[in-house]
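Student:
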Amino acid sequence: MVAVAPDCESVGVATEPYEPSARVRFLLVGAGAVGALFAACLAHYRPTETEVSVVCRSDYDHVIQHGYLVEDATRHEKFVFRPSHVLRRSADYPGVADYILVGLKSFPDTDYLTLLGPAVGPSTSIVLLQNGVDIEAKPAAAFPSSEILSAAVYICSERPSTGHVLLTSSFARLKVGVYNRFGMEPIPPSQSLLRLAGLFSGCGPAVQFTAVANIQLERWIKLTGNANHNPLSVLGGGLTMTEIVHDELIDELSTKIADEVCAVGRAAGVVDMPSTSPLVPLYHQPPICHFTFKSSMLQDYEAGVPMEVEAILGNVLRTARKHNVPTPHLFAIYALMSSVNRRTAMKRR
1 MVAVAPDCES VGVATEPYEP SARVRFLLVG AGAVGALFAA CLAHYRPTET EVSVVCRSDY
61 DHVIQHGYLV EDATRHEKFV FRPSHVLRRS ADYPGVADYI LVGLKSFPDT DYLTLLGPAV
121 GPSTSIVLLQ NGVDIEAKPA AAFPSSEILS AAVYICSERP STGHVLLTSS FARLKVGVYN
181 RFGMEPIPPS QSLLRLAGLF SGCGPAVQFT AVANIQLERW IKLTGNANHN PLSVLGGGLT
241 MTEIVHDELI DELSTKIADE VCAVGRAAGV VDMPSTSPLV PLYHQPPICH FTFKSSMLQD
301 YEAGVPMEVE AILGNVLRTA RKHNVPTPHL FAIYALMSSV NRRTAMKRR
């Protein structure tokens with residue numbers, strides 16, 4: 001272990017000495033329940049092929065000493081993830097990364113791109129593990145030479161305590177594709193994406209990775225499950241998935257929201273966008289209809305931190321207005337969630 005520099009506030013600590021590595025170099029920026037889980041699986045299941053480092057702030061002191069405890073609740077398995085480098089900022093990352101995993105939540109007033117710059121090289125691929133649609137344009141403009149890999153993530157995970165990552169679903173599913181900077185047309189998987197798929201293919205029984213050509217379709221389909229269940233879990237007073245699908249009125253509202261998302265996606269030119277959500281029937285079948293997990297918005301609301309209202313709802317509404325698509329249910333949900341977000345922010349002051 002290298003010595004800790006006197007200025008701990010600005011200098012990261014390496015848990016492995018830095019030498020140019022033949023291993024594939026990953027840097028996770030935003031070590032929440034999603035990002036930390038996938039980074040940990042790469043390091044744990046592919047130790048000879050990957051070097052995984054983490055930028056974290058709130059958990060910094062704990063992770064330096066103890067690493068992350070990663071627990072799979074359905075399989076009753078756990079392991080400790082000790083990153084190769086634990087950093088307070090990406091500027092302290094030695095060299096450049098092959099892949100930067102962005103696990104930060106997507107907020108319009110947060111410039112997370114400045115956090116990535118020093119670790120981005122000409123061959124770096126930036127992997128967006130974030131919710132919502134229309135989130136790729138900013139990183140694509142900021143890093144014109146870097147490939148943007150966009151991901152639709154299906155996972156139920158939590159951070160119940162400092163340094164603790166808990167997977168509560170039996171799967172952690174990634175659908176990843178190359179972002180098309182010039183339109184909605186699908187793009188075949190690149191060599192970088194195929195290499196990433198190969199690494200994730202051996203990352204334990206929970207992780208399921210699919211390289212896709214039509215990533216915008218995958219993002220919009222996922223939104224037909226996010227734009228309804230996330231805000232309804234908050235506005236309904238803390239509803240779980242099983243409570244939403246078994247409440248006749250809430251379930252009807254959820255389906256109408258999903259239909260509106262489909263209509264907006266079709267108007268926006270998403271290739272092969274269906275007229276109804278393929279996720280809605282799945283939510284009424286086992287095991288999903290029995291899920292008692294808390295949505296990401298509900299977890300954020302209960303923690304008193306900002307929710308991704310704009311990425312999940314606002315961007316869809318702006319696209320709807322651009323294409324003159326009526327979205328009365330989405331608008332109502334967006335107005336209410338925007339108010340909740342503002343009041344939550346006022347309580348933090």
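Taking this note's numbering, I'd label the letters of the sequence shown as residues 1 to 349. Note that the Cβ used here is the ideal one computed from N, Cα and C, for glycine as well.
#1: State the start and end residues of the unbroken alpha helix (DSSP H) segment that holds Glu252.
#2: Report the rounded CA-to-CA distance for Ser192 versus Thr319, giving the unit in angstroms.
#3: Quick one: Cα of Pro122 to Cα of Ser146, how far?
#4: Could you check whether Ala31 and Val54 sit closer than 8 angstroms to each other, using their CB atoms as the reference points?
#5: Pull up the distance between the alpha-carbon of Ala227 and that of Gly237, whole angstroms please.
#6: Examine the ligand GTP and report whether any of its heavy atoms sits within less than 7 angstroms of the Cβ of Ala303.
#7: Since I believe Leu129 is in contact with Gly35 (beta carbons under 8 angstroms), could you give me their beta-carbon distance rounded to a whole number of angstroms?
#8: What residues match up with Ser125 in a beta bridge as DSSP calls it?
#9: Under a Cβ-count criterion, where at least 16 other Cβ atoms within 10 Å of its own Cβ denotes burial, should Glu77 be classed as buried or exposed?
#10: Taking all protein chains shown into account, decide if Ser201 is buried (16 or more other Cβ within 10 angstroms of its Cβ) or exposed.
#11: Could you please give me the residues that DSSP links to Gly177 through a beta bridge?
#12: Rounded to whole angstroms, what is the Cα-Cα separation between Ala332 and Asp272?
#13: Looking at C-alpha atoms only, which residue of Tyr45, His44, Arg173 is the closest neighbour of Ile437?
#14: Helix or strand or just coil, what does DSSP make of Pro17?
Tutor: Quick answer:
#1: Against the sequence shown, residue 252 aligns to sequence position 252. Counting along the chain, the alpha helix (DSSP H) containing Glu252 begins and ends at 248-267.
#2: The residue labelled residue 192 in the question sits at position 192 within the sequence shown. The residue labelled residue 319 in the question sits at position 319 within the sequence shown. Spanning the two alpha carbons is a distance of roughly 31 angstroms.
#3: As a position in the sequence shown, residue 122 is number 122, starting the count at 1. As a position in the sequence shown, residue 146 is number 146, starting the count at 1. Each residue's Cα considered, the two are about 6 angstroms apart.
#4: The residue labelled residue 54 in the question sits at position 54 within the sequence shown. The residue labelled residue 31 in the question sits at position 31 within the sequence shown. In this structure, Ala31 lies closer than 8 angstroms to Val54 by Cβ.
#5: Position 227 of the sequence shown, counting from 1, holds the residue named residue 227. Position 237 of the sequence shown, counting from 1, holds the residue named residue 237. The straight-line gap from Cα to Cα measures roughly 16 angstroms.
#6: With respect to the ligand GTP, the structure offers nothing, as it holds no ligand at all.
#7: Locating residue 35 in the sequence shown gives position 35, where the first residue counts as 1. Locating residue 129 in the sequence shown gives position 129, where the first residue counts as 1. Yes, Gly35 and Leu129 are in contact; Cβ-Cβ is about 6 angstroms, under 8 angstroms.
#8: Here the question's residue 125 lines up with position 125 in the sequence shown. Looking at the DSSP assignment, Ser125 forms a beta bridge with Tyr99, Glu147.
#9: In the sequence shown, residue 77 corresponds to position 77, counting from 1. Counting Cβ neighbours within 10 Å, Glu77 comes out exposed, since fewer than 16 surround it.
#10: The sequence position of residue 201 within the sequence shown is 201, counting from 1. With fewer than 16 other Cβ atoms within 10 Å, it is exposed.
#11: For the purposes of this step, residue 177 is identified with residue 177 of the sequence shown, where counting begins at 1. Paired residue(s): Ser150.
#12: As a first step, residue 332 must be located in the sequence shown, where it is residue number 332. As a first step, residue 272 must be located in the sequence shown, where it is residue number 272. Roughly 27 angstroms separates the two Cα atoms.
#13: What is shown of the chain runs 1 to 349, which leaves residue 437 out entirely.
#14: In the sequence shown, residue 17 corresponds to position 17, counting from 1. For Pro17, the pLDDT reaches just 45, beneath the cut-off of 50, and the residue's location in the model is therefore unreliable, although a value from the coordinates is still provided. It is coil, neither helix nor strand.
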